[in-house]
Amino acid sequence: MRLLILSNLFPPAFIGGYELAAHDVAVAMAGRGHEVLVLSSPALDGQPDPKLPFALQRTLNCVTHSQEPAVPEEAWRRGIGISVRNISAVADALVAFRPDAVLGFNTAGLGVLGLLRLLSLAAPAPVMFMMDDPFAGAPHDAAQIVRLRRMLGCVGGLEGMPTIVCSALLARELSGILGPFSPCAVVPAWAAPSNAGLAAPEPNGCVRFVFASRIAVHKGMLVAVEAAARVLATHGQCFSVDVWGGGAVAQMMLAAHAAGLGEVMRYRGVAEKSALQECLAGYDALLMPTWEREPSAFIVSEAAVAGCIPIVTASIGGAEYLLDRQHCLKIRRDPCDLAEAMASLIQMPPAARQAFRHRAQRQARLVFAPGFCMDRVEAVLRDTMARRPAPLLSPGEAALALTALAHLWRERVKGGIDAVGRVG
Amino acid sequence: MANVCHAVRLAAGPNGPETAILACGREGAADGVVLLNGDPGDLGSFDPAALDAALAPAAAVHVHQCLTPFGLFMAARARMQGKKVVGTDHGGGEAASLAAQSHLARLFHAVMSYSTLGKVAASDLAVMHWSLRGPVDDAAFTLEPDDRRDRFHVVALGRVLPHKGLDALISAMPEGLQLTIAGRSYDPDYREALNRLALGRAVRFEEGLDDDGVRRLLAAAGLCVQFSVHRDLAGRHITKPELLGLAPLEAMCTGLPTIVSRAGALPELGVLSGCRVAHDAAELSDLLHAHAAGLRWPGGAAIRADAVAAYGLAQFGRAYLSCITELLSCGC
Chain A
1 MRLLILSNLF PPAFIGGYEL AAHDVAVAMA GRGHEVLVLS SPALDGQPDP
51 KLPFALQRTL NCVTHSQEPA VPEEAWRRGI GISVRNISAV ADALVAFRPD
101 AVLGFNTAGL GVLGLLRLLS LAAPAPVMFM MDDPFAGAPH DAAQIVRLRR
151 MLGCVGGLEG MPTIVCSALL ARELSGILGP FSPCAVVPAW AAPSNAGLAA
201 PEPNGCVRFV FASRIAVHKG MLVAVEAAAR VLATHGQCFS VDVWGGGAVA
251 QMMLAAHAAG LGEVMRYRGV AEKSALQECL AGYDALLMPT WEREPSAFIV
301 SEAAVAGCIP IVTASIGGAE YLLDRQHCLK IRRDPCDLAE AMASLIQMPP
351 AARQAFRHRA QRQARLVFAP GFCMDRVEAV LRDTMARRPA PLLSPGEAAL
401 ALTALAHLWR ERVKGGIDAV GRVG
Chain B
1001 MANVCHAVRL AAGPNGPETA ILACGREGAA DGVVLLNGDP GDLGSFDPAA
1051 LDAALAPAAA VHVHQCLTPF GLFMAARARM QGKKVVGTDH GGGEAASLAA
1101 QSHLARLFHA VMSYSTLGKV AASDLAVMHW SLRGPVDDAA FTLEPDDRRD
1151 RFHVVALGRV LPHKGLDALI SAMPEGLQLT IAGRSYDPDY REALNRLALG
1201 RAVRFEEGLD DDGVRRLLAA AGLCVQFSVH RDLAGRHITK PELLGLAPLE
1251 AMCTGLPTIV SRAGALPELG VLSGCRVAHD AAELSDLLHA HAAGLRWPGG
1301 AAIRADAVAA YGLAQFGRAY LSCITELLSC GC
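Same order as they appear, the protein sequences are chains A and B.
Take the first sequence: its position 148, counting from 1, is numbered 148 in our numbering, and each next residue is one higher.
Take the second sequence: its position 92, counting from 1, is numbered 1092 in our numbering, and each next residue is one higher.
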């Protein structure tokens, strides 16, 4: 099949797992013999792209992503609402590439509502792969979103398009924002096993924890610091916490230093995904006290596949596939509960801890197997191609109508924003 | 016969919100009017499912006041349903978007105007153009007997607004003629100015006449005047004061002779036997004096026949259906 993939950001530089997922799917589908074109925005680091097994066109404009400082209202309108430029770019690609199917990943910052509507009107076999809420974290006015959706004639859910979600948690969250819909498949964040075997327990009995994530408050960096301080106070220096990732590193390490964790908590840097995967096998457990709405988190899958026991906020999407105390430890998102979970592993006999790691690894290698996940993605695409009727409109017609609505909406919104002031 | 759906934006009342009406007509059945609740000034106020359901049976959608934000919105939504879209400008303003993005006019497969002026006004819209005449409702406005008319009774019909030139008309009225201005006032300052001008003159105002009241007025009058202007009493310039001239056409359908100004599309009515064009206020005064002195007009039947042949329902309907049929069969 000819497959068009849309993603607001695309590696090599990346912010989170969503764009890495788009990359993995593109590689996998190209590897299965499909002709793939990826549309995305310019590289975050401005570096040229490496040689890829698929075509990549960075013709989209992403106005909002988490590395940006606070954005003005106009960027919100284009990021969440509708971007005429991106409507036009995607319509052009639909005409030039003539895909058999379109797979949409993260559309945050691309004019979410407008793109969803364009795909529903004019794309052959459009499928959305949702791994996050495209409205999360951005300043917006819910009433304006509702109003624009009504103007665009949005029918609810994801415009009737088949949707793959990474967790039931995300499906519920999206239903609350976009209206009810039934995902056609649930595909978790996948992780390929590395060649590294489970590291043996430390001879001195030290338990090795790892915090590997975007270093941010919402990922629980300060919760981890406080929990580690509690454990240090109650159990002494019988554990370590390695920190991997980019973001608010200085803030986290200064907090660790202030809590007396200088010898315990060490920053290791930013690693390539494959290199980190190799390292994870050397840790006993992953600390992941992330915010309760975390939709998936690839690191949870990657840790479990490596035999690194995930200690995770109970409600997150990634925890849906793992049983508490069998394959992971599920906690409330607070330092007390995290410290208790850490202490339970410290107090656990090494053999029992290794057995726990092996259980986690076996389960993870079943449910998070990349081949299994890609099989499901491909099956959804083929099924959609077989069932979906031909698009009602040509891309040009759809783009024309959406462009007109975009201009009309902005005429009104400008006055409304001026009246209500900055939203957030 | 495919269904043609109209999207009409009602003029607002002084206090209430406006309402959009979708009218769907089916051949062989009574016309159905679908009322969509919503405010044409707030395009997000319309229930999308209800709007789509209302548009669904139609093969073509005719959007009125097509250059307004509401008009562009309806055209876009109709296009999103794969409909053929025709637009007609009746005034009511233009969306700022269209001025900046003229290619948005391609939302319309065709634009229909009902006068040469309308065609000129749409000349920058790069879409197919239909130029039809009218229509005037010659079924509602029927021939009235000449012998029941009061020659010295002059009427002016329509909204009382500055661009209607009523101030010039009052000033031009000679002794011996009485004037009835029938229509609702929308500009208090202008109405006050007219009141002052009318002092000591045989001028009366009728507001709130219903359709029957208008017909009775036309039946009794001896002359109808429509003296719209491009520059009003306050010096404001109005680009399109009259796109057709419906009031004088309705009057002529009853057999009533008319005088019109040269503003907008009004002078196009000068080809009709029952219509004379006054090029300025002085000429208006001359014509009114001549009328008072016994100026001969064609008989009412001839006046009506001329108006109906050129602007009546039947000729419009034939031309309109021909255009719609062609549109539906083209591959555009």
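Glycine included, every Cβ here is placed at the ideal spot set by N, Cα and C.
DSSP beta-bridge partners of residue i
i: residue 1064(B); result: 1088(B)
i: residue 310(A); result: 286(A)
i: residue 1219(B); result: In the DSSP output, where bridge partners are listed per residue, residue 1219(B) has none listed.
i: residue 1225(B); result: 1259(B)
i: residue 211(A); result: 243(A)
i: residue 5(A); result: 38(A) and 103(A)
i: residue 59(A); result: None; residue 59(A) has no bridge partner.
i: residue 1181(B); result: 1156(B) and 1205(B)
i: residue 1290(B); result: None; residue 1290(B) has no bridge partner.
i: residue 1277(B); result: 1260(B)
i: residue 32(A); result: DSSP lists no partner for residue 32(A).
i: residue 1231(B); result: 1237(B)
i: residue 1042(B); result: 1039(B)
Contact under 8 angstroms by Cβ, residue i with residue j
i: residue 409(A); j: residue 17(A); result: no
i: residue 376(A); j: residue 185(A); result: yes
i: residue 309(A); j: residue 357(A); result: yes
i: residue 1206(B); j: residue 1221(B); result: no
i: residue 1168(B); j: residue 1284(B); result: yes
i: residue 1073(B); j: residue 1087(B); result: no
i: residue 102(A); j: residue 113(A); result: no
i: residue 295(A); j: residue 169(A); result: yes
i: residue 191(A); j: residue 281(A); result: no
i: residue 126(A); j: residue 161(A); result: yes
i: residue 200(A); j: residue 338(A); result: no
i: residue 1230(B); j: residue 1263(B); result: yes
i: residue 1233(B); j: residue 1186(B); result: no
i: residue 426(A); j: residue 242(A); result: It is not possible to answer for residue 426(A), since the shown part of chain A is limited to 1 through 424.
i: residue 312(A); j: residue 328(A); result: yes
i: residue 403(A); j: residue 15(A); result: no
i: residue 122(A); j: residue 94(A); result: yes
i: residue 348(A); j: residue 209(A); result: no
i: residue 367(A); j: residue 188(A); result: yes
i: residue 29(A); j: residue 36(A); result: yes
Among the options, nearest to residue i - alpha-carbon criterion
i: residue 317(A); options: 25(A), 131(A) and 203(A); result: 131(A)
i: residue 1066(B); options: 1260(B), 1111(B) and 1256(B); result: 1111(B)
i: residue 34(A); options: 20(A), 100(A) and 13(A); result: 100(A)
i: residue 1150(B); options: 1247(B), 1224(B) and 1280(B); result: 1224(B)
i: residue 974(B); options: 1131(B), 1145(B) and 1055(B); result: Because chain B spans 1001 through 1332 in this model, residue 974(B) falls outside it and cannot be assessed.
i: residue 1137(B); options: 1241(B), 1190(B), 1247(B) and 1101(B); result: 1247(B)
i: residue 1208(B); options: 1158(B), 1219(B), 1295(B) and 1194(B); result: 1158(B)
i: residue 497(A); options: 270(A), 236(A) and 216(A); result: Outside the displayed span of chain A (1 to 424) sits residue 497(A), for which this structure offers no information.
i: residue 370(A); options: 387(A), 13(A), 395(A) and 193(A); result: 193(A)
i: residue 1198(B); options: 1215(B), 1178(B) and 1217(B); result: 1178(B)
i: residue 1217(B); options: 1054(B), 1240(B), 1176(B) and 1256(B); result: 1256(B)
i: residue 344(A); options: 266(A), 116(A), 285(A) and 250(A); result: 285(A)
Contact test: residue i Cβ vs the ligand MN heavy atom, cutoff 7 angstroms
i: residue 1287(B); result: Absent from the structure shown: the ligand MN. Ligands present: none.
Just list the alpha helix (DSSP H) runs in the region 323 to 380 of chain A, keeping only unbroken ones of 4 residues or longer that don't cross its boundaries, in chain order. Listed in chain order, the complete alpha helix (DSSP H) runs (minimum 4 residues) inside the region 323 to 380 of chain A are 335 to 347 and 350 to 367.
Continuous beta strand (DSSP E) assignments of at least 3 residues falling wholly in the region 1084 to 1165 of chain B: Entirely contained in the region 1084 to 1165 of chain B, the beta strand (DSSP E) runs reaching 3 residues are, in chain order, 1084 to 1088, 1110 to 1113, 1128 to 1131 and 1150 to 1157.
Give the residues from the region 1082 to 1101 of chain B that approach chain A closer than 7 angstroms (Cβ to any Cβ), ordered along the chain. Cβ contacts with chain A come from 1082, 1095, 1096, 1097 and 1101.
Tell me the start and end of each unbroken alpha helix (DSSP H) in the region 223 to 299 of chain A that is at least 4 residues and wholly inside, in chain order. Segments of the alpha helix (DSSP H) lying fully in the region 223 to 299 of chain A: 249 to 258 and 273 to 280.
At a CB distance below 7 angstroms, what residues from the region 1102 to 1123 of chain B approach chain A? Give them in sequence order. Flagged, chain order: 1104, 1106 and 1107.
3-residue-minimum beta strand (DSSP E) runs that sit fully inside the region 159 to 209 of chain A, ordered along the chain: Fully enclosed beta strand (DSSP E) runs of 3 or longer: 163 to 165.
Taking only runs that begin and end inside the region 95 to 161 of chain A, name each unbroken beta strand (DSSP E) of 3 or more residues, in chain order. Look at the region 95 to 161 of chain A and you find these whole runs of beta strand (DSSP E), each 3 residues long or longer: 101 to 104 and 126 to 130.
Entirely within the region 1186 to 1214 of chain B and at least 4 residues each: give me those alpha helix (DSSP H) ranges in chain order. You should have 1188 to 1198.
Residues of the region 396 to 408 of chain A whose Cβ lies closer than 8 angstroms to any Cβ of chain B, in chain order: For the region 396 to 408 of chain A, which is checked against every Cβ of chain B, the residues closer than 8 angstroms are 397, 398, 400, 401, 402, 403, 404, 405, 407 and 408.
Using a Cβ-Cβ cut-off of less than 9 angstroms, list which residues of the region 1046 to 1057 of chain B approach chain A; keep chain order. Cβ proximity to chain A below 9 angstroms picks out 1046, 1047, 1048, 1049, 1051 and 1052 from the region 1046 to 1057 of chain B.
Between the region 1061 to 1081 of chain B and chain A, which residues of the former have a C-beta closer than 8 angstroms to a C-beta of the latter? Listed in sequence order: 1069, 1072, 1073, 1075, 1076, 1077, 1079, 1080 and 1081.
What residues in the region 1222 to 1247 of chain B have a beta carbon less than 9 angstroms from any beta carbon of chain A? Per Cβ criterion, the list is empty.
Chain B contacts made by the region 144 to 156 of chain A, where a contact means CB separation under 9 angstroms: Against chain B - using a Cβ distance shorter than 9 angstroms - the residues of the region 144 to 156 of chain A are 144, 146, 147, 148, 149, 150, 151, 152, 153, 154, 155 and 156.
If contact means a Cβ-Cβ distance below 7 angstroms, which residues of the region 110 to 128 of chain A contact chain B? Per Cβ criterion, the list reads 121.
Determine which residues of the region 383 to 397 of chain A have a Cβ less than 8 angstroms from any Cβ of chain B, and write them out in chain order. Only those residues of the region 383 to 397 of chain A whose C-beta falls short of 8 angstroms from the nearest C-beta of chain B are listed: 392, 393 and 397.
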